[in-house]
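Participant:
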Amino acid sequence: MNPLENLIRETIAESGPISLETYMTLALAHPVHGYYASKMPLGESGDFITAPEISQMFGELIGLWCVGVWRAVGEPRPLLLAELGPGRGSLMADALRAARIAPDFLGAIDLNLVETSEALAARQRVSLQESRVVARWHKTAEELPSGPAIIVANEYFDCLPVRHFVHGPEGWHERLVGLDGEGRLCFGLAPEAEPGLAAPGEAGQVIEVGLAGAHLMARLAARIAAEGGALLVIDYGYDTPGRGETLQAVKRHRFADPLRDPGEADLTAHVDFCGLVRAARAAGARTHGPVPQGEWLARLGIHERAAKLRCYAGERQRAAIDSALLRLAGNGAVDFGGDMARLFKVLAVTAPGFAAPPGFETPAA
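The letter at position 113 of the sequence shown is residue 112 when you use numbering that gives the first Met the number 0, and the numbering goes up by one with no holes.
#1: Assuming residue 97 and residue 52 make a contact with CB atoms under 8 Å, what is their CB distance in whole Å?
#2: Taking the alpha helix (DSSP H) that residue 302 belongs to, which residues open and close that run?
#3: For the alpha helix (DSSP H) containing residue 247, list its first residue and its last residue.
#4: By the three-class DSSP mapping on this structure, what secondary structure does residue 19 have?
#5: Output the residue ranges of the beta strand (DSSP E) runs that lie fully inside the stretch 140–198 and measure 3 residues or longer, sorted by chain position.
#6: Who are the Cβ neighbours of residue 389 in its own chain at under 6 Å, not counting the five residues just before and after it?
#7: Just verifying my parser: in three-state terms, what is the DSSP assignment at residue 288?
#8: Based on the DSSP secondary-structure assignment, which residues constitute the bridge partners of residue 78?
#9: What separation, rounded to the nearest whole angstrom, lies between the Cα atoms of residue 261 and residue 310?
#10: Going by the CB atoms, is the gap between residue 148 and residue 222 shorter than 9 Å?
#11: Residues in its own chain within less than 6 Å of residue 101 by CB, not counting five upstream and five downstream?
#12: How long is the line joining the alpha carbons of residue 217 and residue 305, rounded to whole angstroms?
#13: Quick check on this structure: which residue in 142, 35, 49, 150 has the alpha carbon closest to the alpha carbon of residue 227?
#14: Anyone know if the C-beta pair for residue 139 and residue 161 falls short of 9 Å?
#15: For residue 330, does the count of other Cβ atoms within 10 angstroms reach 16, so buried, or fall short, so exposed?
#16: Compute the Euclidean distance between the alpha carbons of residue 108 and residue 89, then round it to the nearest angstrom.
#17: Would you tell me roughly how many angstroms separate the C-alpha atoms of residue 13 and residue 265, rounded to the nearest one?
#18: Which residue comes first and which comes last in the alpha helix (DSSP H) that contains residue 354?
#19: Does DSSP put residue 4 in a helix, in a strand, or in coil?
#20: CB residue 158 to CB residue 21, shorter than 9 Å?
#21: Quick one: give me the first and last residue of the beta strand (DSSP E) that residue 345 is part of.
#22: If we call anything under 9 Å between Cβ atoms a contact, is residue 379 one with residue 125?
#23: Alpha carbon to alpha carbon, how far is residue 232 from residue 55? Give it in angstroms, no decimals.
#24: For residue 91, which residues in the same chain have their Cβ closer than 6 Å to its Cβ, ignoring the five residues on either side in sequence?
#25: Count the other C-beta atoms from every protein chain shown that fall within 10 angstroms of the C-beta of residue 353, then say buried if there are 16 or more, exposed otherwise.
#26: List the residues that DSSP assigns as beta-bridge partners of residue 32.
#27: When the distance is taken between beta carbons, is residue 237 closer than 9 Å to residue 287?
#28: Are the beta-carbon atoms belonging to residue 349 and residue 259 less than 9 Å from one another?
#29: What is the DSSP secondary structure of residue 335, reduced to helix, strand or coil?
#30: Drop a sphere of 10 angstroms on the beta-carbon of residue 436, count the other beta-carbons inside from all chains shown, and report buried for 16 or more, exposed for fewer.
#31: Does the contact criterion of 3 or more C-beta pairs under 8 Å hold for the stretch 337–346 versus the stretch 234–250?
#32: By Cβ distance below 6 Å, which residues in the same chain neighbour residue 275 in space, the five residues on each side in sequence not counted?
#33: Taking a contact to mean a Cβ-Cβ separation below 9 Å, would you say residue 130 touches residue 95 in this structure?
#34: Classify residue 137 as helix, strand or coil using the three-state DSSP reduction.
#35: Would you say residue 17 and residue 176 are within 9 Å of each other, going by their C-beta atoms?
#36: Compare the Cα-Cα distances from residue 280 to each of 57, 293, 230, 72 and report the closest residue.
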């Protein structure tokens, strides 16, 4: 039993079962024993790999996207350029390198990164050294300075906690984390049905609710609507309403038991893009998308960028470029099922009246 599991067991023994949302918050964000406080999760030696770790093309295109949006909103100075959960800093490093074609943009930005992990923040500092752009770090998005902003959130919303409600004879009961007869962590249900959920359902059916993600989106969208700029969200998730549970634990690139060794595995859930769109619009902002990541990257020119890189690459490097391109953007002709090109979605949030940002234009008929 690790220290965090012991702490959670003691809490449950003293005060009763806790919500899945509370459990996820402790497992991921406990200041001492939480996953992001004590692990280096990214890369081949970590638990998962994100798009910026696959190829430089991903971050480069986002950098050029930021330049285009900055020009479209009137080139404000200063411009808050922020990333939520920057990982190793690869995305931002690649973005800033690509943005060198626009020195006026680099001269206008105030770079801010939101990161709870000291280990990852240290890695980000190393990654960003070459850019020579001064950055500031914050623990939460609420700490970001005010003003016009371009905010990037790549694989950030999937890490926010969710709640589960399971349908039974008396209605929807919240799924809780408690202790079994031997004192081990286990799932159970609240004895009373949730009064705010009256939708019909089948026995055992699950509704997954991402209130934390919706609340964060509402705050960020309200900021964008009032102060200008754009929010870019890239994550795996669904863009049509549905039911079912998507909670998963990943450890060393393999699925794991979410209740085993809390703080040792990454816990995520598919992002409800329908809920994010509703929250953003309710906050007064305009939404664009979501669109599949592969389609969005293709519109930004990833295939052309890959072709240019291949011209200067050796045989082994060309194979790596082709592999990364297929993984990030697909080829548009084959259904890869759960690949990043289709499963990952891209959503932009802007102020009302703002034209579609790059990659979100309606294709010609």
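The beta carbon of each residue, even a glycine, is placed where N, CA and C say it ideally should be. These numbers were taken from a predicted model, which means no experiment stands behind them.
Facilitator: According to the structure shown:
#1: If you number the sequence shown from 1, residue 97 lands on position 98. If you number the sequence shown from 1, residue 52 lands on position 53. Their Cβ separation, rounded to whole angstroms, is 17 Å, which puts residue 97 and residue 52 out of contact at 8 Å.
#2: Taking the sequence shown and counting its residues from 1, one reaches residue 302 at position 303. Counting along the chain, residue 302 sits inside the alpha helix (DSSP H) bounded by residues 301–310.
#3: Residue 247 sits at position 248 when you count from the first residue of the sequence shown. Not the alpha helix (DSSP H): residue 247 falls in the beta strand (DSSP E), residues 247–250.
#4: Translated into the one-based positions of the sequence shown, residue 19 becomes position 20. Three-state DSSP puts residue 19 in a helix.
#5: 148–153, 162–167, 170–178, 184–188
#6: Lying before the first or after the last residue shown, residue 389 is absent from the chain, which here runs from 0 to 364.
#7: The residue given as residue 288 occupies position 289 in the sequence shown. It is a strand residue.
#8: As a working note, residue 78 is residue 79 in the sequence shown. Answer is 108.
#9: Translated into the one-based positions of the sequence shown, residue 261 becomes position 262. Translated into the one-based positions of the sequence shown, residue 310 becomes position 311. Counting only the Cα atoms, residue 310 lies some 47 Å from residue 261.
#10: The sequence position of residue 222 within the sequence shown is 223, counting from 1. The sequence position of residue 148 within the sequence shown is 149, counting from 1. Closer than 9 Å, so yes.
#11: Looking up residue 101 in the sequence shown gives position 102. Counting only Cβ-Cβ distances below 6 Å, and skipping sequence neighbours, we find 66.
#12: If you number the sequence shown from 1, residue 217 lands on position 218. If you number the sequence shown from 1, residue 305 lands on position 306. The alpha-carbon atoms of residue 217 and residue 305 are separated by roughly 36 Å.
#13: Numbered from its first residue, the sequence shown carries residue 227 at position 228. Residue 227 has its Cα closest to that of 150, out of 142, 35, 49, 150.
#14: Taking the first residue of the sequence shown as 1, we reach residue 139 at position 140. Taking the first residue of the sequence shown as 1, we reach residue 161 at position 162. Going by C-beta atoms, residue 139 is not nearer than 9 Å to residue 161.
#15: The residue labelled residue 330 in the question sits at position 331 within the sequence shown. Exposed, since its Cβ has fewer than 16 Cβ neighbours within 10 Å.
#16: Position 109 of the sequence shown, counted from the start, is the residue given in the question as residue 108. Position 90 of the sequence shown, counted from the start, is the residue given in the question as residue 89. One C-alpha to the other measures close to 18 Å.
#17: By one-based count along the sequence shown, residue 13 stands at place 14. By one-based count along the sequence shown, residue 265 stands at place 266. Looking at the two C-alpha atoms, the distance is approximately 26 Å.
#18: As a working mapping, residue 354 is identified with position 355 in the sequence shown. It is not in any alpha helix (DSSP H) - residue 354 carries neither H nor E in the DSSP assignment.
#19: Residue mapping note: residue 4 aligns to position 5 of the sequence shown, counting from 1. Here residue 4 sits in helix by DSSP.
#20: Start at 1 with the first residue of the sequence shown, and residue 158 comes out as number 159. Start at 1 with the first residue of the sequence shown, and residue 21 comes out as number 22. Remark: C-beta atoms of residue 158 and residue 21 do not approach each other more closely than 9 Å.
#21: Here the question's residue 345 lines up with position 346 in the sequence shown. Taken as a continuous stretch (DSSP letters only), the beta strand (DSSP E) holding residue 345 covers 343–349.
#22: Here the chain comprises residues numbered 0 to 364, so residue 379 is not present and cannot be evaluated.
#23: Your numbering for residue 55 matches position 56 in the sequence shown. Your numbering for residue 232 matches position 233 in the sequence shown. One C-alpha to the other measures close to 18 Å.
#24: As a working mapping, residue 91 is identified with position 92 in the sequence shown. Listed in chain order, the non-local C-beta contacts of residue 91 below 6 Å within the same chain comprise 82, 85, local neighbours out to five positions each way being set aside.
#25: Numbered from its first residue, the sequence shown carries residue 353 at position 354. Label assigned to residue 353: buried.
#26: In the sequence shown, the residue the question calls residue 32 occupies position 33. In DSSP, residue 32 forms no bridge with anything.
#27: As a working note, residue 287 is residue 288 in the sequence shown. As a working note, residue 237 is residue 238 in the sequence shown. Cβ atoms of residue 287 and residue 237: not closer than 9 Å.
#28: Translated into positions along the sequence shown, residue 349 becomes position 350. Translated into positions along the sequence shown, residue 259 becomes position 260. Not closer than 9 Å, so no.
#29: Here residue 335 refers to the residue found at position 336 of the sequence shown. Caution is warranted here: a pLDDT of 43 is assigned to residue 335, below 50, making its placement in the model unreliable, and no coordinate value can be reported.
#30: Since the displayed the chain opens at 0 and closes at 364, residue 436 lies outside it and no answer follows.
#31: yes
#32: One-based indexing of the sequence shown puts residue 275 at position 276. Within the same chain, residue 275 has close Cβ partners 216.
#33: Stepping through the sequence shown from its first residue, residue 130 is reached at position 131. Stepping through the sequence shown from its first residue, residue 95 is reached at position 96. Annotated as proximal: residue 130 and residue 95, with beta-carbon spacing under 9 Å.
#34: Locating residue 137 in the sequence shown gives position 138, counting from the first residue. Of the three classes helix, strand and coil, the one that applies to residue 137 here is strand, per DSSP.
#35: Within the sequence shown, the letter at position 18 stands for residue 17. Within the sequence shown, the letter at position 177 stands for residue 176. Contact flag set, yes.
#36: For the purposes of this step, residue 280 is taken as residue 281 along the sequence shown, with counting starting at 1. Closest by alpha carbon: 230.
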